[in-house]
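In the working numbering, the protein residues as written are 201 to 370.
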């Protein structure tokens, strides 16, 4: 069963595990304009969150997307979560419209959810220490982080994710 995979497997082997990393409850609007509350609206048993923090990280996000088709076949839903500090309504509207207009047709608007949050608190709850790189987090349906990677796609990161997904399926 997928939910019996211990979270300790996802932790780096050389660092102690304190409290588990968990996606905090956040309500936002997806680029299809649907209101989304995460992790409550996770329908898939496993969810891959791609967190980006700066516009120039989009090429890294784009590099990951073609590599994630195996995860989709394994019942993993991919969510693109651009993370920003809270902004006024006009700025949010402008940024969301800009994102909506620049989104490739291959990226579903339903699963692209710009988050306007207290970044320090949000990142602390996910145990993300830096905004300098794109962060990938594989979570269960309740938002508990099971696996993580950061930075551009590499063969070894894809292999690690694929291996983790195979072990979780058994």
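Every residue, glycine too, gets a C-beta built ideally from N, C-alpha and C.
Buried/exposed call for residue i, threshold 16 Cβ in 10 Å
i	result
residue 235	exposed
residue 205	For residue 205, the predicted structure reports a pLDDT of 35, less than 50, and the residue's modelled location is therefore unreliable. A value from the coordinates is still provided. Residue 205 is buried by the Cβ-count criterion.
residue 275	exposed
residue 355	exposed
Reference residue i, options the options, closest by Cα
i	options	result
residue 222	355, 321, 358, 362	321
residue 243	279, 296, 363, 337	279
residue 345	245, 233, 232	245
residue 229	248, 292, 252	292
Sheet register partners of residue i (DSSP bridge)
i	result
residue 278	248
residue 340	246
residue 227	237
residue 316	284
Three-state class that DSSP yields for residue i in the structure shown
i	result
residue 371	As displayed, the chain neither begins before 201 nor continues past 370, which places residue 371 out of reach and without an answer.
residue 326	helix
| field | the region 245 to 257 in contact with the region 287 to 295 per 3-pair CB rule at 8 Å | value | By the Cβ test, the region 245 to 257 is not in contact with the region 287 to 295, since fewer than three Cβ pairs between them sit closer than 8 Å.
| contact_flag[the region 313 to 328, the region 289 to 303] where n(CB pairs < 8 Å) is 3 or more | Yes: at least three Cβ pairs fall under 8 Å.
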